[in-house]
Structures are given as C-alpha cells and as structure tokens.
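Same order as they appear, the protein sequences are chains A and B.
The opening residue of the first sequence carries number 10 in our numbering; numbering runs sequentially from there.
The opening residue of the second sequence carries number -10 in our numbering; numbering runs sequentially from there.
Glycine residues also receive a C-beta, built at the ideal position from the N, C-alpha and C atoms.
In what follows, a structure is listed as structure tokens, so that the remarks can point back to it.
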Amino acid sequence: MSAVTDLLQQAVEGLGSGAVYASLALALVLIHRFTGIINFAQGELAMLSTYVAWQLMASGMPFWLALPVTLAVSFAGGMLVERIVIRPVRGAPELTVVIVTVGLFIFVNALAGLIWSFTVKDFPQPFPDGGLDLAGVRVDWSTLGILGVVAVVMGLLYLLFQHTSAGLVMRAVACNPASARLSGIRVGRVLMLGWALAATVGALSGVLVAPVLFLEPNMMGGVLIYAFAAATLGGFDSPVGAVVGGLFVGVAETLTGAYVHVVGEDLKVGVPFVIILAVLLVRPQGLFGRAAVERV
Amino acid sequence: MSTITAALGTDRARRRRAALTALLAAAVAGCVPFYFAPFQVFQLTMVLLYAVALAGLNLLVGFGGQISLGHGAFFAAGAYAAAVMLDRYDTGHLATLPVAAAGCFLLGLAFGVPALRLRGLYLALVTLAFAVFLPPLLKRLEPVTGGAMGLTVDKLQPPAWSGLAEDQWTYFVVLGVTATALLLARNLLRSRVGRALRALRDNESAAEVMGVRLSLHKTLAFAWSAMFAGVAGCLYTWVIGFVSPDSFSSVLSITLLAGLVIGGLASLYGPLLGAAFVMYVPSVSQDLSEAAPGVVFGLLIIAVMFVAPTGLAGLPGRVLGAVASRLPRTTAAPATAAPDRTPEAGPAPSTPSTPADPAVADTEPVGAPPRTERE
C-alpha cells in the first residue's frame, strides 16, 4: 500500500470515529445554546441510553425496532433530567450547575454499573460487514453508515430549528430567555425540549460507538473528552461547528496516533487536551462560534 | 468588603477559646492511635491526607470560584515526585516534601496562566482533559515512573527512640503536616490573598476596580492549590509506599471535587469532613456493591447543591440560623448561637445570601474573620 493510500485510509477511519464525536458534541452544543452550561453528564446519559438499547435487544427486539424505542426513551429521559435535576439550579452560578452535572455523571455511571454490572458487553453492529473499495482505500459500510446518520441528524435539526414554529420558539429562548418568557413562551418547557433533543442525539452517539468500544459503564468517558474538544474547536454555540470539529478531531487523533511516533496509540488522548487548550488560548469562541460580549 | 471594621486578634476571650479548642483537638488527635486498631489508624491517616488536598481545592473552588476537575493530576505529580526521589536517589522521606510542594506550586503556576483566560466552565474542561491525559503519560515515561507497574518505595519507618508502631508514627507525621497545612490555608485566607480571592469570586469587575490584581491572584490561587494537592500526594507515597498510574485516574479528581462539595465549599472545616467522605464512603459502601459508592456520591452531591450549598460544615449553622430566626430575638440572639456555628457559614459561592438564613447573613459579613473556632 502506498503512503498516500495509507494516509487516506487513516483519514477515513478518523472520519468514522470523528462522526461519533460529532454527534456527542452536537448534544453538548444543543444544551449549551439553550442553557449556557456544559453538561458533563452528557456522555453518561448516552451510555445509559445505549444500555436501554442493549436491554431491548437482549429481550429479543431487532435492532431497527430497538433504536426508535431507545431514542424515545432517551427523549423522555432528557426531559426528566432537565425537570428534576437541572431546573432547581437554574439561574444559580456556573459552579453550582457544573457540580450538579458532575454529580449526575457520577450517579448515572454508578447506576449503570449497579443495574448491568461493570462487565463488558457485546453490542451488535447495525451496519453490514464489508465496504467500498475506492482506489485502494477501503471504506467500511459502518463508517459510511455513521457518517450518514450524523448527516441525517444534522439535516433534521436544521429543519426543526429553521423551518418549524417549535424551532422558532426554541431559537427565541436560546437567544433571550427573559424576552421569550415575556412574549408568552413557556421557557421551562422549551428547555425540557432542548435537553430531550440533546439526550436523543447523544443516545445515537452511544449506540453508534458501542459496537466498536464494547458496552460498559465507562465507555463514554474517553468519547466525552473528544466531544469536548470537538465542541470547543467548533465553538460551543455552533451545531455546524460541532460536526466539523468532531470530524477534525477524529482525523487529527487517528493521524497523530499513526504517524507521530512520540504520541503513538497510547498517548492519543493528549490530542483533545492540546486542541482544547490551544483553541481556548488562541480563539476561545471556536471556529464557528461568536465571541460573547458581556455587559458589566 | 467590611473587613476593615472587623477587629483582628484583639478579642482576648476569642483567642483563649480558640487556644482551648486547639488544645482539646490536639489531645484527642494525639490519643487516637493508641485506642484504635492499626487499620483504623491507617484510615484516619488517609482522611488527614485527603484533607490537605481538599483544603487546596477549597482555596481554588470554594474561595476562588474557579472549577478544577483535574486536581488528582497535581496529587499524582506530588506522589510521583516523592516516589521517584525515594526510588532513584534514595533521598529520605523528609527531603521529598519540600520538593513535591515546590514542584507542584510551579506546575500550578504554569497551569494558572492559561487558566486566567479560561472562565468557569472552560477551566473545568481543560483540567478534566489534563486529568484524563496524565495516567497514559505516566505509563509512557516508564524509565522514570516505572510505567504501568508503578513504583514501590519504602514507607515511613518509626525511629527507634519513638517506641511507636509503624502506623502510629505515620499517623503522627501526617497529622503534623496536615495541621500545618490547614493552619497555612486558614491564615492565607485571612490575609490579603483570601480577601482578594473572595472579592474576585463574588464580583470580578468590582474587585478589579477596587484595585485587586486579577491575574496575580487567580494565578497564585491555582499555584497554592496545586501545592496543597502535591503535598497530599507526597504524603500518600509515604503512607502507601506504592504509586501507579491507575491510582490517579480522572476518578480521583472527580472524587476530590465531590468530597469538597459534600464537606462544604468555602468552609475551613469542610475539607476535613469531605476527606472523611472520600475515605469512608467507598470503604463502607463497597461491601454492598462496586457501584454503591458512586450512587451515594452522585446523589449526595446533587442533594447538597439543592438543599445545603454550604455542605456538611455549613449545616449546623444553617439549621441553627433557621431555628434562631423563628424564635423571638431576645431569647435567641444570633450571637449566642455563634459558638456552635461554623465560620464562613455565610454565602458560599453557590448561594447568594438568600433570605433562607437571615441570621447567618446578618451576623457574618463575607470576609470577616470567623468569630469562633470549632473543631
């Protein structure tokens, strides 16, 4: 295999994992846009959803039926989390909200361990084996499938936000909650909807990544760090940025692991750390984000 | 800040009472290792050690209002500094402490500079990413750190003249370091530095306008706090005699933050209570199931944030305050309730002084030196 095809091969694999980071980053960005907070428990919620899917399939449901049920459960779960855990600290300082989401992180992680134990579980690959051969570069159906799913999710979110009245209301709340409330929008419900959407998108990332990483309660810990890097790179208030950032982080991670021997496979997790640090120091609003101007 | 009006150290009765409490605490702490089994003494030693790390985290989070999800990394740095010195250079235990402290102070300073530009959430992100990155890095630096296998070094050994068992001697040494560290933290917070930090936490712009140098104090807060974590890590090596990358995963960082929040943010005694949680919750609930500590920690953190943002340390004060505000003022003036109240029970970063505890808010202006000492 020539050097160029090898490079392309690595890049394609990077895109595959990048798409997973992108979908979790998308969930983070949704919540950040609506509530201005970073949900440290996002990955764990996705992991919990993945367990739901696993449980459904273990009781005999086929994958393509278990998936919509899981997404519906995640949607409802996201609403509940907002109402029960996040609503009471709305308007509290950032520190409080972050600590609450960290608490949720610890709790959900342990809860999954309590119910399903910490042993690693197999998760079926929804996409067929094999793939395309493009001039020597092999593109697995699963990679294409993941990219396709993320593209569809992006498209649906775009339609929802730009072309429905619910989307208009949601944008109004994200833009200015106080004015939205004064114009008669029930902000609380919209926030619940925002969390529900984020949980659903996050659930997808969990289900997509589970066949590769295998299902266990700590599965999403690493993915979360990459998703943070993706969202930071793209800008925490830009869904497009989250996807572009996710793909970039995925490719950067794979290429660094394969070609920079000082880093290698074991230190790949340093890549998101460096990306986060560099972006925040050089361009804190990210590539697609808008710089916040604060009046004091 | 109303600190100028508060009389510092002139109140003799207060001083005498403080000295008495300190003596009593010292007496109790001194008797402990002779009445408990070695394993229990070991657990208490671990509580003391974690208290040092939490006191450092408290400087940063509780008083500085900056969030760190990566303090386990500084803890690890201190532990490895001590272990490597003992392993390769055979320096003796005492020499490792200042090196670990100074090294982590500098590391914290280096981290504090980018931290300046990262507000709240973003700092939490970076520190968490760092905590996740550190264990594989330690594994990679195998020639120095022993890789995934870790390093086994000598534990503290009691000198012959002391006539103490190993666990008792270790306990006393750690007790000494912890007492010094907590005293240092307390004095630091009562000084200009502490007032500046609280001012910055409560209103950055106002503090800057009043002449508090934001960059200096925020960077220093990070450095001090890293130093405490490093000292705790060094003690860890002394007590356990073994370090490995997996002992310092990101779980440690998250557990430290959890312990601090449950113990009480911005409270002087919160770190001690929180340290007890960090030590005992896992060991008690582990018998139930592997997941039980996490369930307990997670629920407690959320519950504390909802109902008692001042943590366990602030709970007596809140309860007394609530009771006092319901009684007629003449019978239960807030001042009489004060001896039992934890200092700093006033607004924590997470609570603007809510009308829920008017007595507390009335009597204890933020930034005033605590009226009483309580162990």
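Nearest neighbour of residue i, chosen from the options [CA to CA]
| i | options | result |
| --- | --- | --- |
| W63 of chain A | A:G100, A:A81 and A:K130 | A:K130 |
| L205 of chain B | B:V102, B:A2, B:G259 and B:V293 | B:V102 |
| G200 of chain B | B:F217, B:R181, B:M216 and B:S233 | B:R181 |
| I243 of chain B | B:A8, B:L12, B:I56 and B:A16 | B:I56 |
| L114 of chain B | A:I285, A:G298, A:R299 and A:L296 | A:I285 |
| A300 of chain A | A:A208, A:G215, A:D246 and A:V269 | A:D246 |
| V232 of chain A | A:S11, A:P281 and A:M201 | A:P281 |
| T226 of chain B | B:A66, B:G19 and B:V50 | B:A66 |
| M216 of chain B | B:L178, B:L107 and B:A170 | B:A170 |
| I290 of chain B | B:S238, B:A255, B:Q157 and B:L246 | B:L246 |
| V162 of chain B | B:A2, B:V312 and B:P22 | B:P22 |
| P102 of chain A | B:G230, B:G19, B:P298 and B:L316 | B:P298 |
| M201 of chain A | A:G215, A:G243, A:V107 and A:E91 | A:E91 |
| V260 of chain A | A:D15, A:L57, A:T14 and A:A20 | A:A20 |
| V148 of chain A | A:S192, A:T14, A:R190 and A:V258 | A:T14 |
| V249 of chain A | A:V159, A:A187, A:P186 and A:L74 | A:V159 |
| V111 of chain A | A:V61, A:V288, A:I46 and A:T265 | A:I46 |
| T85 of chain B | B:P125, B:A68 and B:A16 | B:A68 |
| L76 of chain A | A:V283, A:F132 and A:L290 | A:F132 |
| T141 of chain B | B:R179, B:G81, B:D76 and B:V166 | B:D76 |
Environment of residue i [buried if 16+ CB atoms lie within 10 Å]
| i | result |
| --- | --- |
| F116 of chain A | buried |
| R187 of chain B | buried |
| R190 of chain B | buried |
| A327 of chain B | Because the pLDDT of A327 of chain B is 41, which lies under 50, any placement of that residue in the model is unreliable, and the number read from its coordinates should be weighed accordingly. Per the 10 Å Cβ criterion, buried. |
| R202 of chain B | exposed |
| D79 of chain B | exposed |
| E274 of chain A | exposed |
| N388 of chain B | Missing from the structure shown is residue 388 of chain B; chain B here goes from -10 to 364 and no further. |
| S32 of chain A | buried |
| G203 of chain A | buried |
| I124 of chain A | exposed |
| F43 of chain A | buried |
| Q51 of chain A | buried |
| P135 of chain A | buried |
Beta-carbon neighbours of residue i, restricted to chain A and to distances below 7 Å
| i | result |
| --- | --- |
| S278 of chain B | L123 |
| A113 of chain B | V107 |
| V284 of chain B | F116, A119, L120 and L123 |
| V250 of chain B | I108 |
| L189 of chain B | None at all; the shortest Cβ gap to chain A is about 13 Å. |
| G54 of chain B | L104 |
| I243 of chain B | V111 and I115 |
Extent of the continuous alpha helix (DSSP H) to which residue i belongs
| i | result |
| --- | --- |
| L8 of chain A | Residue numbering for chain A in the displayed model covers 10 to 305; residue 8 of chain A lies beyond these limits and cannot be assessed. |
| S68 of chain A | From DSSP, S68 of chain A is part of no alpha helix (DSSP H); its letter is neither H nor E. |
| M294 of chain B | A281 to V296 |
| F31 of chain B | P27 to L46 |
| D191 of chain B | R181 to D191 |
| L43 of chain A | Note that residue 43 of chain A is Phe in the sequence shown here, rather than Leu. Taken as a continuous stretch (DSSP letters only), the alpha helix (DSSP H) holding F43 of chain A covers A12 to T44. |
| N118 of chain A | E103 to W125 |
| K128 of chain B | L110 to R129 |
| T85 of chain B | H82 to R106 |
Extent of the continuous beta strand (DSSP E) run through residue i
| i | result |
| --- | --- |
| D142 of chain A | G140 to L143 |
| V146 of chain A | V146 to D149 |
Partner residues on chain A for residue i, Cβ-Cβ distance less than 9 Å
| i | result |
| --- | --- |
| R106 of chain B | L289, L290 and P293 |
| G287 of chain B | V111, G112, L113, F114, I115, F116, V117, N118, A119 and L120 |
Neighbouring residues, chain A, relative to residue i (Cβ below 8 Å)
| i | result |
| --- | --- |
| L246 of chain B | I108 and V111 |
| L110 of chain B | I46, I47, E103 and V107 |
Interface residues of chain B facing residue i [CB-CB closer than 9 Å]
| i | result |
| --- | --- |
| P77 of chain A | Correct list: empty, because the minimum Cβ distance to chain B is about 29 Å. |
| P281 of chain A | A118, V121 and F122 |
Neighbouring residues, chain B, relative to residue i (Cβ below 8 Å)
| i | result |
| --- | --- |
| D275 of chain A | P125, K128 and R129 |
Residue i: CB within 8 Å of a non-hydrogen atom of the ligand MG
| i | result |
| --- | --- |
| Y60 of chain A | Looking at this structure, you won't find the ligand MG or any other ligand, since it has none at all. |
Chain-ordered chain B contacts of residue i [CB-CB under 7 Å]
| i | result |
| --- | --- |
| P97 of chain A | F295 |
| V278 of chain A | V121, F122 and P125 |
| L286 of chain A | P103 and V115 |
| V94 of chain A | I291 |
Check: Name the residues in the region 234 to 255 of chain A whose C-beta lies less than 8 Å from a C-beta of chain B; which are they?
Finding: I234, F237, A238 and T241
Notebook entry, point to check: Along the region 117 to 136 of chain B, what residues have a CB closer than 8 Å to any CB found in chain A?
Noted result: L117, A118, F119, V121, F122, P125, L126, K128 and R129
Next item on the list: Please list the residues of the region 292 to 309 of chain B that have a C-beta atom closer than 8 Å to any C-beta atom in chain A, keeping them in chain order.
Entry: M294, F295 and P298
Notebook entry, point to check: Residues in the region 249 to 276 of chain B with C-beta within 9 Å of chain A's C-beta atoms, listed in sequence order?
Noted result: V250 and L254
Margin query: Counting only Cβ-Cβ distances shorter than 7 Å, please list the residues of the region 125 to 142 of chain A near chain B, keeping chain order.
Written below: F127
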